[in-house]
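Student:
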Amino acid sequence: MRATFANIYMSHLRKNISEIRKVLSSSTKMCIPVKADAYGHGAVPVAHTAIECGADYLAVAAVSEGVELRKSGITVPILVLSLPQPSEFTEIIEQNLTPALFDSELIKMLNMTATAMGRKIPVHLKIDTGMGRIGCRVEDSAELAKLIVNSQGLTLDGVFTHFAVSDSLVPEDIEYTNRQIALFKKAIEEIKVLGIDPGICHAANSAGIFMYPEAHFDMVRPGIITYGYYPGDITEEYLAKHVPGGIHLEPLMEVRSSIVAVKNVKKGDSISYGRRWIAPEDCKVGVLPVGYADGLLRRYGDSLKVTIGGKLYPICGRICMDQCMIYLGNDDAVSRWDEVIIFGPICQGALQTAEDIAKHTDTISYEITCSIDKRVPRVYKD
8 MRATFANIYM
18 SHLRKNISEI
28 RKVLSSSTKM
38 CIPVKADAYG
48 HGAVPVAHTA
58 IECGADYLAV
68 AAVSEGVELR
78 KSGITVPILV
88 LSLPQPSEFT
98 EIIEQNLTPA
108 LFDSELIKML
118 NMTATAMGRK
128 IPVHLKIDTG
138 MGRIGCRVED
148 SAELAKLIVN
158 SQGLTLDGVF
168 THFAVSDSLV
178 PEDIEYTNRQ
188 IALFKKAIEE
198 IKVLGIDPGI
208 CHAANSAGIF
218 MYPEAHFDMV
228 RPGIITYGYY
238 PGDITEEYLA
248 KHVPGGIHLE
258 PLMEVRSSIV
268 AVKNVKKGDS
278 ISYGRRWIAP
288 EDCKVGVLPV
298 GYADGLLRRY
308 GDSLKVTIGG
318 KLYPICGRIC
328 MDQCMIYLGN
338 DDAVSRWDEV
348 IIFGPICQGA
358 LQTAEDIAKH
368 TDTISYEITC
378 SIDKRVPRVY
388 KD
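The sequence shown lines up with residues 8 to 389 when you count with my numbering.
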């Protein structure tokens, strides 16, 4: 196995799902998003474990992601969140996936395909209440629901929306989310007025689960919290004050490598492309076999640190495609082949998580874990 690999702690996944359950009623269903290869953690193993923990639905972004799960033996409903292409309709039907639809053209096209195949498939109606992405307008939702239930090849399995700023504690953003909830409720009521059962209603994402219990409806979609990270302003400290017993999440992913070389560098010597880093003194520099092709993004630069023997050491020089260098100063305690933790759960010995890196590199933890390339082997641990 490569010197650079990622440990995925499945016991943390089980614990996180249990923590999420603490704030849900026993009747609330859970749809676990496993899109983007389960945020970089491995969709198939994560999905199977999530189902063992009681997940009722899974959510993916691409039809191909849903097909991969079906081929692994998964039978629970799989919601395809992104808009499918007409060329994918046959595969959606054959694999019994649940597409999200929001306009009459696609509803009619999918119905024609399903009817021609002699099938009736479940769909969810996506309603845009303020995200500004895909979804129908609230005022159009009832008529589209009617079109679905009157379609021979379709059944309305659910309706849903997505929050734009539920992870913010800014008063205007809280007001905006409450307005989204009100609009979604209005859409549901207008569908019911037509005598139509909207099916499973769902809106709450990770932050929405903790911040807006009235938005739990029939099902919730815990994304990043499933993988051990807190969403936006909704920190562990905030939840300790607002949820009885608090919510303690543990990151699943830990990326490790090892030092493959230790170089003695003279004061004034340069390191890596562009000569952006010049040695301030005679010192040692370690070389790691991990680079931006592995997901250690080039823009992290000198702001990134790694853990060696319980101490943080900074990256020096530009991150290369397959390697990067770390400044060791004159620390004789660090040697060739020493293990390095790039990020991971603190309980496993790391001094920084993906969230810590995100804060120092102006991004979010989602991007950090999703960026870890598939050429980095995943090792699944309990």
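Note that beta-carbon positions come from the ideal geometry of N, C-alpha and C, so glycine has one too. Just so we're clear, the structure is a prediction, and the values are computed from it rather than from any experiment.
1) If you measure between the beta carbons of Gly324 and Lys291, is that distance less than 9 Å?
2) With a threshold of 8 Å, are at least 3 pairs of Cβ atoms found where one atom belongs to the region 146-155 and the other to the region 80-94?
3) Determine the closest residue to Leu358 out of Val269, Pro106, Leu311, with distance taken between C-alpha atoms.
4) What first and last residue would you give for the beta strand (DSSP E) that runs through Met116?
5) Can Ser342 and Ile266 be called in contact, C-beta distance under 9 Å?
6) Can Glu95 be considered in contact with the ligand MN, in the sense that its beta carbon sits closer than 8 Å to one or more heavy atoms?
7) Does the Cβ-Cβ distance between His169 and Asn212 come in under 9 Å?
8) Could you check where the alpha helix (DSSP H) with Glu261 kicks off and where it finishes?
9) Can we say the region 39-59 touches the region 239-251, given the rule of at least three CB pairs closer than 8 Å?
10) Are the CB atoms of Leu161 and Pro129 nearer to each other than 9 Å?
11) Bridge partners of Tyr320, per DSSP?
12) Among Glu75, Ile15, Val262, Leu117, which one has its Cα closest to the Cα of Pro93?
13) On the DSSP bridge list, what partners appear for His55?
14) Smallest Cα separation from Asp309: which of Ile333, Gly316, Ala361, Ala300?
15) Rounded to whole angstroms, what is the Cα-Cα separation between Arg126 and Phe167?
16) Please list, in chain order, all residues of the same chain as Lys199 whose beta carbon is under 8 Å from its beta carbon, the five residues on each side excluded.
17) Which class does Arg218 belong to by DSSP, given the choice of helix, strand or coil?
18) Between which two residues does the beta strand (DSSP E) carrying Phe167 extend?
19) For Leu176 versus Phe217, is the C-beta distance shorter than 9 Å?
20) In terms of alpha-carbon separation, which member of Asp338, Asp329, Val313, Arg385 lies closest to Phe350?
21) I need the DSSP call for Thr370, collapsed to helix, strand or coil.
22) Report the rounded CA-to-CA distance for Ile375 versus Lys318, giving the unit in angstroms.
23) Look at the alpha carbon of Asp225 and the alpha carbon of Gly165, and state the distance between them as a whole number of angstroms.
24) Look up Asn14 in the DSSP assignment and say whether it is helix, strand or coil.
25) Could you name the residues that DSSP lists as bridge partners for Cys38?
26) Taking His255 as part of the alpha helix (DSSP H), name the residues at either end of that continuous run.
Tutor: If we stick to the structure as given:
1) no
2) no
3) Leu311
4) Unbroken run through Met116 is the alpha helix (DSSP H), 111-123; no beta strand (DSSP E).
5) yes
6) Looking for the ligand MN in the displayed structure turns up nothing, as the structure carries no ligands at all.
7) yes
8) From DSSP, Glu261 is part of no alpha helix (DSSP H) but of the beta strand (DSSP E) over 260-265.
9) no
10) yes
11) Val313
12) Leu117
13) DSSP lists no partner for His55.
14) Ile333
15) 23 Å
16) Pro205
17) The displayed chain sequence assigns Met, not Arg, to residue 218. Correct three-state label for Met218: helix.
18) 161-167
19) no
20) Val313
21) coil
22) 21 Å
23) 10 Å
24) strand
25) Tyr64
26) Element bounds for His255: n/a, residue is neither H nor E.
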